[in-house]
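*Asks:* Once you've had a glance at the structure underneath, I'll fire off some questions.
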Amino acid sequence: MVKFRLSKLSFRLFLLFAVVLIFSSCSFLFHPRINQHDAAGKKTGHWILYSSDDTTRKVSDGYFKNDLEYRRFIYYYSNGRRQARFVYGRNHVYGKSHLKAKFWYPDGKVMQKGTSLFFISEKEVRYVYDGIWRFYNEQGTLTEKTRYEMGEPVELIYQRSPQDSSDSAALPQ
0 MVKFRLSKLS FRLFLLFAVV LIFSSCSFLF HPRINQHDAA GKKTGHWILY
50 SSDDTTRKVS DGYFKNDLEY RRFIYYYSNG RRQARFVYGR NHVYGKSHLK
100 AKFWYPDGKV MQKGTSLFFI SEKEVRYVYD GIWRFYNEQG TLTEKTRYEM
150 GEPVELIYQR SPQDSSDSAA LPQ
């Protein structure tokens with residue numbers, strides 16, 4: 000009688016172990032690995048980097064393709080809030096392409112946002128303002144709106160006067 004109970008218990012433990020093993024294998028299939036390199040040693044896929052002194056604090060979170068930031072990339076302040084977010088166009092390759100950028104103050108308020116042109120060569124990646132950029136003060140109020148071409152300001156659309164403390168500053172004529 001005792002022998003039968005032990006084998007029944009052993010069978011249940013084996014069955015439990017098999018179920019856990021199957022579910023852990025399935026979760027591996029549905030949750031792709033992060034921080035991977037391709038056969039050529041280039042970063043690819045989803046990458047999350049953590050601080051070297053605090054393994055729970057994210058420094059960046061985004062995607063790579065052929066060792067280049069791809070799709071969406073977010074950088075974080077040491078307090079855990081977002082510092083910058085870049086959303087890349089679908090077809091950025093060597094040459095030039097656009098991205099949407101947004102930067103925050105450490106308290107979480109928007110600092111600036113706009114589009115950038117970036118150039119990719121074998122030697123470097125270079126970013127320049129291109130298009131409309133909006134700049135905000137630490138209270139979250141729009142202070143400037145400027146149009147850029149190839150990194151150069153070409154049109155000041157709006158600039159808030161330092162003396163104007165109201166939230167209803169008029170756009171220039």
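Positions 0 to 172 (numbering that gives the first Met the number 0) are the ones given, in order, by the sequence shown.
C-beta: ideal position from N, C-alpha, C; glycine also.
1. Do Q158 and R133 have their beta-carbon atoms positioned less than 9 Å apart in this structure?
2. Between which two residues does the beta strand (DSSP E) harbouring F82 extend?
3. Spatial neighbours of W103 within its chain, please: CB distance less than 7 Å, with the 5 preceding and 5 following residues excluded, ordered by chain position.
4. Between the alpha carbons of F72 and P161, how many angstroms are there, rounded?
5. May I have the straight-line CA-CA distance separating E154 from L48, to the nearest angstrom?
6. Rounded to whole angstroms, what's the CA-CA distance from H97 to G113? Just pull it up for me.
7. When DSSP labels each residue in this structure, what does D52 get in the three-state scheme?
8. If you draw a straight line from the alpha carbon of P123 to that of T55, how long is it in whole angstroms?
9. Can you tell which of K64, D53, K99, G61 has its C-alpha closest to the C-alpha of V127?
10. Mapping DSSP to helix, strand and coil, what is Q138?
11. Taking C-beta to C-beta, are V86 and Y75 nearer than 9 Å?
12. Under a three-way DSSP split, which group does P175 fall into?
13. Secondary structure at G61, three-state DSSP: helix, strand or coil?
14. Between R84 and the rest of its own chain, which residues show a CB-CB distance below 6 Å, the 5 nearest in sequence each way excluded?
15. Roughly how many angstroms lie between the CA atoms of E143 and Q35, to the nearest whole one?
*Replies:* Put simply:
1. Residue numbering aside, residue 133 sits at position 134 when the sequence shown is read from its first letter. Residue numbering aside, residue 158 sits at position 159 when the sequence shown is read from its first letter. Cβ atoms of R133 and Q158: not closer than 9 Å.
2. Start at 1 with the first residue of the sequence shown, and residue 82 comes out as number 83. It should be noted that the sequence gives Gln, not Phe, for residue 82. From DSSP, the beta strand (DSSP E) with Q82 extends over 81–87.
3. Counting from 1 along the sequence shown, the entry for residue 103 is found at position 104. Within the same chain, W103 has close Cβ partners R80, R81, Q82, V109, M110.
4. The residue labelled residue 72 in the question sits at position 73 within the sequence shown. The residue labelled residue 161 in the question sits at position 162 within the sequence shown. Distance between the alpha carbons of F72 and P161: 34 Å.
5. Residue mapping note: residue 154 aligns to position 155 of the sequence shown, counting from 1. Residue mapping note: residue 48 aligns to position 49 of the sequence shown, counting from 1. Their backbone Cα atoms lie some 38 Å apart in a straight line.
6. By one-based count along the sequence shown, residue 97 stands at place 98. By one-based count along the sequence shown, residue 113 stands at place 114. Between H97 and G113, the C-alpha separation is close to 10 Å.
7. If you number the sequence shown from 1, residue 52 lands on position 53. Reduced to three states, the DSSP call for D52 is coil.
8. Here residue 123 corresponds to residue number 124 of the sequence shown, with the count starting at 1. Here residue 55 corresponds to residue number 56 of the sequence shown, with the count starting at 1. This sequence places Glu at residue 123; Pro is not what is there. Going from the Cα of E123 to the Cα of T55 covers about 31 Å.
9. Walking along the sequence shown from the start, residue 127 turns up at place 128. For V127, the closest of K64, D53, K99, G61 by C-alpha to C-alpha distance is K99.
10. Taking the first residue of the sequence shown as position 1, residue 138 is located at position 139. It is coil, neither helix nor strand.
11. On the sequence shown, position 87 is the one that residue 86 refers to. On the sequence shown, position 76 is the one that residue 75 refers to. Going by C-beta atoms, V86 is not nearer than 9 Å to Y75.
12. In the structure as shown, the chain begins at 0 and stops at 172. Residue 175 is therefore absent and cannot be evaluated.
13. Position 62 of the sequence shown, counted from the start, is the residue given in the question as residue 61. In this structure, G61 counts as strand in the three-state DSSP scheme.
14. Along the sequence shown, one-based indexing puts residue 84 at 85. So the qualifying residues of the chain are I73, K101.
15. For this step, residue 143 is matched to residue 144 along the sequence shown. For this step, residue 35 is matched to residue 36 along the sequence shown. E143 and Q35: Cα-Cα distance of roughly 41 Å.
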